[in-house]
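Here is the structure we will look at.
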Amino acid sequence: MSVKVIRGEGRSWRPYRFPPRCSSQPGGDWSGDPSALQRAIADGFQEGIEKGYQEGLLQGQEAGRGEGFDKGREDGLRQGREEGRSEGRKTFEEASRPLQQASEQLHAFLGEFELKRRQELLELVKKVAQQVIRCELTLHPTQLLSLAEEALATMPGEQGEVHVLLNPEECARIKSLAPERAAAWKLVPDDKLALGECRVVTARAEADIGCQQRLDSCIDTLSGHLQLAEA
């Protein structure tokens, strides 16, 4: 058996071996050689230490490998999921970009189409209304005098002498179709006024009761309901 020597402060030390407490041990008779018993005990102790160290080392290595494998596997899965999500998102964005552009173009086209459709509808309403007004005034031009009466009722102050300015063609038609009503008004032909236009002038006020301004007001209201931008 080799003897382990401990060195310190320049001196050599050797472990002290206590003599055995009894002259015999189970499994063998060591009474004749106590030093042999001491050596056997020391050898067994050293062997137990080395065996325990080796077993502990192996268990530690196995536990470390298992823990490292689990940790590495968990980290790898997490990193793989993150990279997979990132790559998937990138691939999806690249693949959906043409579809997004087509969707935006379609949305813009539908918006322009709807705006144009509403504008055409408004223009159609305006033309139809103008035709109806023109036809109505052709058949019943005295309606302008009814409008003049309504305007005078709302005008402030004393009216005094009242002049009703009309398109010359309508002025002549009123005098022809309703001479008695025309005689009650001072009708004044005005070349500047279009058909359907009429102005009531008093000493203190003037009112536009023509059909065009009324129609424009109605069209503006309808345009607001249709949410059309002004040109």
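Residues 8 to 238 (the working numbering) are what the sequence shown spells out, left to right.
Ideal placement from N, C-alpha and C gives every residue a C-beta, glycine not left out.
Just so you know, these numbers come straight off a predicted model, no measurement behind them.
Outcome for residue i when other beta-carbon atoms lying within 10 angstroms are tallied against a minimum of 16
| i | result |
| --- | --- |
| G67 | exposed |
| G167 | exposed |
| H232 | exposed |
| E57 | exposed |
| R72 | exposed |
| R85 | exposed |
| L117 | exposed |
| R180 | buried |
| L64 | exposed |
| L106 | exposed |
| L254 | This structure cannot speak to residue 254, because the chain is shown only from 8 to 238. |
| Q220 | exposed |
C-beta atoms of residue i and residue j nearer than 7 Å
| i | j | result |
| --- | --- | --- |
| V171 | V207 | yes |
| T145 | A185 | no |
| C218 | I140 | yes |
| L202 | N174 | yes |
| P163 | C178 | no |
| K133 | I226 | yes |
Boundaries (first-last residue) of the beta strand (DSSP E) holding residue i
| i | result |
| --- | --- |
| L172 | H170 to L173 |
| A214 | E213 to D215 |
| L194 | K193 to P196 |
Anticipated Cβ contact below 8 Å, residue i with residue j, distance rounded
| i | j | result |
| --- | --- | --- |
| K182 | A191 | With a Cβ gap of about 12 Å, K182 and A191 do not count as contacting. |
| I216 | A160 | Incorrect: roughly 12 Å between the Cβ atoms, too far for contact. |
| F222 | L129 | Strictly speaking, residue 222 in this sequence is Leu, with Phe absent from that position. Going by Cβ atoms, the distance from L222 to L129 rounds to 12 Å, so no, they are not a contact pair. |
| V169 | K199 | About 19 Å separates the two Cβ atoms, so there is no contact after all. |
beta-carbon residue i near the ligand SAH non-hydrogen atom, thresh 6 Å
| i | result |
| --- | --- |
| A155 | No copy of the ligand SAH appears in this structure; indeed no ligand is present at all. |
Residues that residue i bridges to, as DSSP identifies them
| i | result |
| --- | --- |
| C205 | L173 |
Bounding residues of the alpha helix (DSSP H) (the contiguous stretch that carries residue i)
| i | result |
| --- | --- |
| G231 | C218 to L233 |
| P186 | P186 to A190 |
| T161 | Q150 to T161 |
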